[in-house]
DNA sequence: TGCGGCTATTG
DNA sequence: CACAATAGCCGCAG
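Residue numbers (my numbering): 41 to 622.
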């Protein structure tokens with residue numbers, strides 16, 4: 041089988057631009073492709089299997105069905121980047137909620153098979169042997185309908201025949217998923233979300249492989265300023281640590297021992313100098329800084345300790361490679377509401393450390409962040425005409441404040457409180473104002489709250505199921521605990537619907553930028569919930585800046601064709617991440 | 001060794 | 001100090 045054969049066979053079976061072609065890929069073994077319909081299966085083994093993918097992508101540009109974004113990572117590792125995908129794991133998380141989406145689970149849930157009877161991998165015990173001992177070990181499915189665990193474990197990368205079966209299964213599963221999406225409240229929009237989420241997985245694969253440009257020299261200097269020079273050996277590490285501890289403990293009464301890393305002991309330590317606190321959180325101690333020199337020393341110690349344990353030399357060595365790129369694992373929709381997540385500190389890097397994130401030679405960063413994204417999203421998904429009117433302003437809170445007859449900070453706290461589920465405190469009166477000014481939006485939030493409290497099925501605007509957990513522990517709780525939990529679920533549902541919809545819009549924007557930025561040789565290097573960092577050739581900075589705004593308008597229109605809601609982005613062309621004005 | 005609690009960082 | 005996340009260390013149970 042040659043590359044040309046693969047293209048011809050796919051073309052002959054009617055595959056064109058955007059049609060689904062399932063792909064199974066194992067480095068060193070080969071690549072298999074499959075389409076559904078007339079069960080046309082095209083396995084191919086050549087010297088360099090990714091060339092087949094590259095050729096088919098160029099000639100036919102199908103939508104590649106993959107079991108998970110691990111396939112995309114393997115492709116990107118081998119230098120192949122495809123335009124579009126149908127990521128089975130991502131679509132599964134959309135349809136069924138939650139984070140787990142391995143093939144066994146995906147198959148079972150699509151067939152309405154109970155998950156608690158999911159067969160385990162490993163050597164068969166007496167029971168399973170008696171029950172399924174005469175199942176065909178080479179067939180993927182068992183007589184009870186589940187995927188066979190031994191087939192799954194042994195089947196991924198062993199032989200080309202197995203790869204072909206995986207590709208065929210993927211094509212079938214994608215079809216089942218499309219049928220499920222067609223049964224949701226808004227099938228068109230759910231299918232669009234599935235495509236967007238899949239493209240976001242491709243972006244995640246690229247982010248994982250490409251990494252974020254970091255200037256090691258700057259990073260080293262920043263760390264040195266906070267915790268001192270890089271320790272020469274383990275003994276040096278211990279000595280530096282002891283010295284930092286001693287700087288705090290010298291303020292304690294003589295003879296008082298304390299492990300500063302133990303909150304309970306720190307509380308005792310504080311008590312020994314006359315400072316009584318229920319916990320030792322920084323925001324609480326901040327107000328007591330002047331009460332005793334020990335408090336100030338402790339807060340300084342905490343800062344340095346944080347850097348040395350989490351964002352220090354160890355972190356740099358572990359995640360920044362010789363090419364000056366900080367790499368973490370990216371996930372397109374981990375978490376409750378479907379936000380992107382990243383490891384290696386990419387999403388919670390201390391602001392000071394952003395000085396070290398510098399565009400590479402001959403390049404600039406184009407940074408863009410969405411303004412007031414959550415209230416704008418609320419206006420869009422709820423269809424509240426009055427709130428939509430407020431989004432026409434650059435600062436949405438200004439007209440809201442005017443409407444409510446309160447100052448801007450109060451209006452902001454009230455709106456955020458409504459979305460997070462705060463019902464007490466200073467914003468309570470303004471909250472009632474919101475009810476009468478924006479009843480449609482407030483009803484939308486209240487319905488999400490109720491759904492959460494009563495564990496009713498709840499989906500985001502784009503169709504993602506918001507996982508509610510199980511009710512199994514409810515009876516073990518007393519009345520008050522149960523009510524508190526229900527209230528927490530209410531806040532969770534309320535927020536997940538907004539945060540989740542915001543994540544969907546953000547991803548629609550990001551994948552649009554991914555596609556449109558290619559001709560400019562610009563690449564997204566970081567996604568941060570409402571912020572994009574793009575690296576572009578130095579001469580293209582302004583072009584890409586305009587592109588980012590155009591992509592936002594395009595994505596917003598596609599995501600919510602009701603153009604009454606305005607979305608805005610703050611965009612700047614910079615050399616280092618910290619140069620962006622805030 | 002695994003897990004909940006506490007703490008800090010980000011959006 | 002509501003909502004979400006990652007990540008480290010401590011203390012305790014198994």
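Backbone N, C-alpha and C define an ideal beta-carbon position, used for all residues, glycine too.
Predicted model, so just to flag it, every value in this text is computed and none were measured.
Can you look up residue i in the DSSP assignment and give me helix, strand or coil?
| i | result |
| --- | --- |
| residue 403 | strand |
| residue 213 | helix |
| residue 492 | helix |
| residue 506 | coil |
| residue 575 | strand |
| residue 64 | strand |
| residue 453 | helix |
| residue 568 | coil |
| residue 126 | strand |
| residue 302 | coil |
| residue 56 | coil |
| residue 346 | helix |
| residue 382 | strand |
| residue 620 | coil |
| residue 362 | coil |
| residue 233 | helix |
| residue 331 | coil |
| residue 181 | strand |
| residue 104 | strand |
| residue 615 | coil |
| residue 226 | coil |
| residue 435 | coil |
| residue 271 | coil |
| residue 446 | coil |
| residue 600 | coil |
| residue 253 | strand |
Residue i: buried (16+ other C-beta within 10 angstroms of its C-beta) or exposed?
| i | result |
| --- | --- |
| residue 238 | buried |
| residue 355 | buried |
| residue 327 | exposed |
| residue 623 | In the structure as shown, the chain starts at 41 and stops at 622, and residue 623 therefore has no counterpart that could be examined. |
| residue 483 | exposed |
| residue 302 | exposed |
| residue 535 | buried |
| residue 692 | Nothing about residue 692 can be reported from this structure: the residues present for the chain run from 41 to 622 only. |
| residue 350 | exposed |
| residue 122 | buried |
| residue 247 | buried |
| residue 169 | Any reading at residue 169 must be qualified, since the residue scores a pLDDT of 44, below 50, and its modelled position is unreliable; no value is offered. |
| residue 558 | exposed |
| residue 520 | exposed |
| residue 442 | exposed |
| residue 590 | exposed |
| residue 370 | buried |
| residue 494 | exposed |
Which residue from the options puts its Cα closest to that of residue i?
| i | options | result |
| --- | --- | --- |
| residue 378 | 540, 191, 200, 243 | 540 |
| residue 384 | 366, 361, 374, 551 | 366 |
| residue 584 | 126, 405, 308, 223 | 405 |
| residue 306 | 223, 337, 453, 216 | 337 |
| residue 124 | 136, 221, 147, 96 | 96 |
| residue 409 | 570, 432, 243 | 570 |
| residue 335 | 291, 457, 362, 364 | 291 |
| residue 503 | 253, 226, 187, 236 | 226 |
| residue 4 | 343, 235, 71 | Summary: the structure shown does not reach residue 4, with the chain confined to residues 41 through 622, and so no result is reported for it. |
| residue 381 | 316, 314, 241, 347 | 241 |
Under 8 Å, do residue i and residue j count as touching if we go by C-beta distance?
| i | j | result |
| --- | --- | --- |
| residue 391 | residue 259 | no |
| residue 491 | residue 533 | yes |
| residue 563 | residue 574 | yes |
| residue 566 | residue 550 | no |
| residue 155 | residue 217 | no |
| residue 459 | residue 485 | yes |
| residue 135 | residue 105 | no |
| residue 368 | residue 255 | no |
| residue 146 | residue 419 | no |
| residue 560 | residue 576 | yes |
| residue 612 | residue 321 | no |
| residue 398 | residue 615 | yes |
| residue 288 | residue 206 | no |
| residue 57 | residue 98 | no |
| residue 300 | residue 285 | yes |
- Message: Check whether the stretch 135 to 151 and the stretch 265 to 284 touch, using three or more Cβ-Cβ pairs below 8 Å as the test.
- Response: no
- Message: Any contact between the stretch 59 to 78 and the stretch 109 to 118? By contact I mean 3 or more CB pairs, one from each, below 8 Å.
- Response: Taking a cut-off of 8 Å on C-beta distances, the stretch 59 to 78 touches the stretch 109 to 118, as three or more cross pairs fall below it.
- Segment contact flag, the stretch 471 to 479 with the stretch 443 to 450, C-beta cutoff 8 Å, min 3 pairs: yes
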